[in-house]
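Contents: one structure, followed by commentary.
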Amino acid sequence: MSGQRPSPDHPRPVAPPGQPMTGAESLVRSLESVGVDVVFGIPGGAILPAYDPLMDSKGVRHILVRHEQGAGHAAEGYAHATGRVGVCIATSGPGATNLVTPIADAYMDSVPMVAITGQVASPLIGTDGFQEADISGITIPITKHNYLVTDPADIPRTIAEAFHIAGTGRPGPVLVDVAKDAMQAKTTFSWPERIDLPGYRPVSRPHGKQVREAARLLVESRRPVLYVGGGVIRARASEQLRRLVDLTGAPVVTTLMARGALPDSHPAQLGMPGMHGTVAAVTALQKADLIVSLGARFDDRVTGKLSTFAPGATIVHADIDPAEISKNRVADVPIVGDAKEVIADLVTAIQAEHAAGRSADLAGWWQQLDTWRTTYPIGYADPPDGEVSPQRVIQRIGEITGPDGVYVSGVGQHQMWASQVIRYERPNTWINSGGLGTMGFGVPAAMGAKVGRPDATVWAIDGDGCFQMTNQELATCVINDIPIKVGIINNSSLGMVRQWQTLFYNERYSNTDLHTSVGSRIPDFVKLAEAYGAVGLRCERPEDVDATIEKAMSINDLPVVVDFVVHRDAMVWPMVPAGVSNDDIQVARGMSPTWDRED
Numbered sequence: 091m092s093g094q095r096p097s098p099d100h101p102r103p104v105a106p107p108g109q110p111m112t113g114a115e116s117l118v119r120s121l122e123s124v125g126v127d128v129v130f131g132i133p134g135g136a137i138l139p140a141y142d143p144l145m146d147s148k149g150v151r152h153i154l155v156r157h158e159q160g161a162g163h164a165a166e167g168y169a170h171a172t173g174r175v176g177v178c179i180a181t182s183g184p185g186a187t188n189l190v191t192p193i194a195d196a197y198m199d200s201v202p203m204v205a206i207t208g209q210v211a212s213p214l215i216g217t218d219g220f221q222e223a224d225i226s227g228i229t230i231p232i233t234k235h236n237y238l239v240t241d242p243a244d245i246p247r248t249i250a251e252a253f254h255i256a257g258t259g260r261p262g263p264v265l266v267d268v269a270k271d272a273m274q275a276k277t278t279f280s281w282p283e284r285i286d287l288p289g290y291r292p293v294s295r296p297h298g299k300q301v302r303e304a305a306r307l308l309v310e311s312r313r314p315v316l317y318v319g320g321g322v323i324r325a326r327a328s329e330q331l332r333r334l335v336d337l338t339g340a341p342v343v344t345t346l347m348a349r350g351a352l353p354d355s356h357p358a359q360l361g362m363p364g365m366h367g368t369v370a371a372v373t374a375l376q377k378a379d380l381i382v383s384l385g386a387r388f389d390d391r392v393t394g395k396l397s398t399f400a401p402g403a404t405i406v407h408a409d410i411d412p413a414e415i416s417k418n419r420v421a422d423v424p425i426v427g428d429a430k431e432v433i434a435d436l437v438t439a440i441q442a443e444h445a446a447g448r449s450a451d452l453a454g455w456w457q458q459l460d461t462w463r464t465t466y467p468i469g470y471a472d473p474p475d476g477e478v479s480p481q482r483v484i485q486r487i488g489e490i491t492g493p494d495g496v497y498v499s500g501v502g503q504h505q506m507w508a509s510q511v512i513r514y515e516r517p518n519t520w521i522n523s524g525g526l527g528t529m530g531f532g533v534p535a536a537m538g539a540k541v542g543r544p545d546a547t548v549w550a551i552d553g554d555g556c557f558q559m560t561n562q563e564l565a566t567c568v569i570n571d572i573p574i575k576v577g578i579i580n581n582s583s584l585g586m587v588r589q590w591q592t593l594f595y596n597e598r599y600s601n602t603d604l605h606t607s608v609g610s611r612i613p614d615f616v617k618l619a620e621a622y623g624a625v626g627l628r629c630e631r632p633e634d635v636d637a638t639i640e641k642a643m644s645i646n647d648l649p650v651v652v653d654f655v656v657h658r659d660a661m662v663w664p665m666v667p668a669g670v671s672n673d674d675i676q677v678a679r680g681m682s683p684t685w686d687r688e689d
């Protein structure tokens, strides 16, 4: 397309080959060549050579964060919201190790990210030099690949490869550690004409025979379920998914990482499966005779006690990562391929089955499914008089902002409520830390999402515990004109841990109270927001919820922090306790739905 800026997925050189420069200049030029428009980072001694040419870059914007963890989560938020590769940068030693958590987070959730770190000079490597840490060794288990660069001539090729690896196949983080002397030395810039990685050949096209077998099973099944994971969003396959759903009429469950892959308004959408999923979604998987998994990994939060998960189901497992197939649940029909390609081919195969007069009769199955979702809808009880319902706050944020908003959460009860009560109609509008469950993810990830999608309204739905881990990035937002909105669900405690202590530890609340007493304000989030230069609001009465949200929505030139003081004993329901069979899902404390388990 004419005028399209270069993309990390489609690198193109912007400088003539053979141009002399320092390794640091080559690094910046390489970032420009892969189309990077923003990096989040903090300078320090070992990475300092790169910061001088970065200052002169016309294409790469640097956003100075307040903590390297914030840089990593901001890069993740950017990647989640845009589908492009996010970039963070840090110095050696503690700067690099502060990136370990967001790198691990990106690895678990298949987020395309490149982390660039400075390293001590080559002669000092291995001597325990000042601010030395073997970050490439440390991150081997949590990266798709990583590099230690000591030759400045290798910088362009390494950057080109890093972005290719991060953004193709199953996306994930790649670390590039560059020695300080390699950045200071002179070199010539030579962009690789092609990327040659003999050991890296992701399979995108699925095997036709396996797809046809999956189609045959779908038209013969009486109780199928399409189990959709985050891989569908990563593959940008939502449109293809909708065609498959409309064609088959099969019910769909979308995991925590796949919310928005199919609109919540679609009649086939049963909601989220798993520990805090809907009764209809959890039970549909348990009673299914066929599960077609698309870009999901059968993780423990979905399966519950694995040996009891979906005992009567044939399993079709499609994933771009062959290591995921049969890792937890053995697949009867394994399909390796990109979700967009798999679903498109499956649509074609289903159409061929229909043309031959073969189609599934799902009327009885839908009658049962509709009974479950009508009888056990997601809901919540009103708190005592005068107290604010956290679920209602989050629901109203979603309703007032609308489906075009981007919703980023921290981790805990507020995360689960946000996944349940906000209706997601589009992909890439729900951003959270799923696999690693990283508290503190919300504010910096929302910052990155807003940078990637400046025209969207971006809400960070956070807890008072999560917010206190990374709220310093409000300063970054104010200084860099990144007007996110933060809704703090303030229950004066570490809410999800408190819920578990209520249910499983005889209400012994060991070290989960964040305030010395109910009603105390340490810190006062309104004053804290104002100290950072943001707008601070507080809501303590149910009748003020809508007006407070609308006030926050009316402010678009500064970050807004809203302290929603909510009922502290609200719980997330439904719930499947850890290690328990999904058959024992609870819709309230001690209460399980009653159904015939032989159905």
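Basically my numbering = 1-based index in the sequence shown + 90. No residue lacks a Cβ here, since even glycine has one placed at the ideal position from N, Cα and C.
Asked: Rounded to a whole number of angstroms, what is the C-alpha to C-alpha distance between V264 and I521?; Found: 20 Å
Asked: In this structure, how does DSSP classify K690 when only helix, strand and coil are distinguished?; Found: Lying before the first or after the last residue shown, residue 690 is absent from the chain, which here runs from 91 to 689.
Asked: Looking only at its chain, what residues have a beta carbon closer than 8 Å to the beta carbon of Q503, apart from the 5 residues adjacent to it on each side?; Found: P480, G553, I579, N581, G585, M586, Q589, A660, M661, V662
Asked: Quick check for students: name the residue ranges of the beta strand (DSSP E) that lie wholly in the region 492–559, counting only runs of 3 or more.; Found: 496–499, 548–553
Asked: Using a Cβ-Cβ cutoff of less than 6 Å, which residues in the same chain neighbour A408 once the five nearest sequence positions on both sides are dropped?; Found: L384, I425, V432
Asked: Pick out whichever of I512, D336, I153 has its Cα sitting closest to the Cα of S449.; Found: D336
Asked: Would a C-beta distance cut-off of 9 Å place L154 and I569 closer than the cut-off?; Found: yes
Asked: Short check: CB of I410 to CB of R260, under 9 Å?; Found: yes
Asked: Give me the Cα-Cα distance between P296 and A642, rounded to the nearest whole angstrom.; Found: 47 Å
Asked: Is S236 near D286, with beta carbons less than 9 Å apart?; Found: The amino acid occupying residue 236 in the given sequence is Asn; Ser does not appear at that position. Going by C-beta atoms, N236 is not nearer than 9 Å to D286.
Asked: Could you tell me which uninterrupted alpha helix (DSSP H) segments, each at least 4 residues in length, are contained entirely in the region 167–198, listed from first to last along the chain?; Found: 184–187, 190–198
Asked: Could you give the C-beta distance for T248 and V239, rounded to a whole number, given that I count them as a contact under 8 Å?; Found: 5 Å
Asked: Based on the DSSP output, what are the partners of I206 in its beta bridges?; Found: I179, V266
Asked: Restricting to Cα atoms, I'd like to know which of K417, L360, Y595, Y168 is closest to V548.; Found: Y168
Asked: For Q359, does the count of other Cβ atoms within 10 angstroms reach 16, so buried, or fall short, so exposed?; Found: buried
Asked: Determine the extent of the alpha helix (DSSP H) in which D460 is found, giving its start and end residues.; Found: 453–465
Asked: Looking at C-alpha atoms only, which residue of A434, T461, G427, Q510 is the closest neighbour of I468?; Found: Q510
Asked: Tell me where the alpha helix (DSSP H) around A370 begins and ends.; Found: 369–377
Asked: Between V420 and L307, is the Cβ-Cβ spacing less than 9 Å?; Found: no
Asked: Compare the C-alpha of K276 against each of A243, I381, P613, E303 and name the closest.; Found: A243
Asked: Can you have a look at D218 and say buried or exposed, based on whether 16 or more other CB atoms are within 10 angstroms of its CB?; Found: exposed
Asked: Does DSSP put N561 in a helix, a strand or coil?; Found: coil
Asked: Given this structure, state the Cα-to-Cα distance separating Q209 from F220, to the nearest angstrom.; Found: 10 Å
Asked: For D674, which of D224, F399, S212 has the nearest alpha-carbon?; Found: F399
Asked: Tell me which same chain residues have a C-beta within less than 6 Å of the C-beta of S92, skipping the five on either side of it?; Found: At S92 the pLDDT is 29, less than 50, meaning the model places this residue with poor confidence; the figure from the coordinates comes in the next sentence. Nothing listed; no residue qualifies.
Asked: With DSSP as the reference, identify every bridge partner of F654, one or two as the case may be.; Found: I579, C629
Asked: For T258 and R326, I'd like the C-alpha separation in whole angstroms.; Found: 12 Å
Asked: Throw me the rounded Cβ distance for the G361 and T345 pair, which I believe falls under 8 Å.; Found: At roughly 10 Å, the Cβ-Cβ gap does not stay under 8 Å, so G361 and T345 are not in contact.
Asked: Once you ignore the five residues that flank R631 on each side, which residues in its own chain have a CB closer than 8 Å to its CB?; Found: G476, V478
Asked: Are the region 165–181 and the region 529–547 touching, with three or more C-beta to C-beta distances below 8 Å?; Found: yes
Asked: With distances taken between CB atoms, is the gap from V369 to R513 smaller than 9 Å?; Found: no
Asked: Can you tell me the Cβ-Cβ gap for I381 and A348, rounded? I've got them flagged as a contact below 8 Å.; Found: I381 to A348, Cβ: 15 Å. No contact.
Asked: Please classify Y595 as buried or exposed, where buried requires at least 16 neighbouring CB atoms within 10 angstroms.; Found: exposed
Asked: Tell me where the alpha helix (DSSP H) around P314 begins and ends.; Found: Unbroken run through P314 is the beta strand (DSSP E), 314–318; no alpha helix (DSSP H).
Asked: Where do the ends of the alpha helix (DSSP H) carrying A256 lie?; Found: 245–257
Asked: Using C-beta distances below 7 Å, list every residue in its chain close to T602, excluding the 5 sequence neighbours before and after it, in chain order.; Found: S583, L584, V587, R588, Q591
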